[in-house]
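In UniProt numbering, the protein residues as written are 1 to 126.
Remarks on the structure that follows.
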């Protein structure tokens, strides 16, 4: 598993060269004791084209909201862990292989300090 420990800045487009990658995680910290600054900017299109990526963790990062939509084109994902998306977009139904969706708020708790509101999209199939 590749993790983003000690990395700051943006995810480089060269990430698309890691075509065999199955697991990827970038977890930023927020608060008075910041050990790993969050990543930010746009999520590169190349991340969404990784053919074998099944597990993606993007917690406590500050990505451009427009580029977050790329996550919902990654139909091969089985596990997605992210900071809260509010509201959950209908496009989440595109993740047809998704087995686990974990939405974490800041400071570690599942949905802690979450501002998620609104209905669960019908595209999820619940």
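Virtual Cβ for every residue (Gly too), placed ideally from N, Cα, C.
Near residue 46, which residues of its chain fall below 7 Å by C-beta distance, leaving aside the five closest residues on each side in sequence? 13, 15, 16
Can the beta-carbon of residue 76 be found closer than 8 Å to that of residue 51? yes
State the start and end residues of the unbroken alpha helix (DSSP H) segment that holds residue 68. 65-68
Report, in whole angstroms, the separation of the C-beta atoms of residue 82 and residue 58, which I expect to be a contact under 8 Å. 5 Å
Could you name the residues of the same chain whose beta carbon sits closer than 6 Å to that of residue 62, not counting the 5 residues immediately before and after it, in chain order? 38, 40
Just list the residues that DSSP pairs residue 41 with in beta bridges. 63
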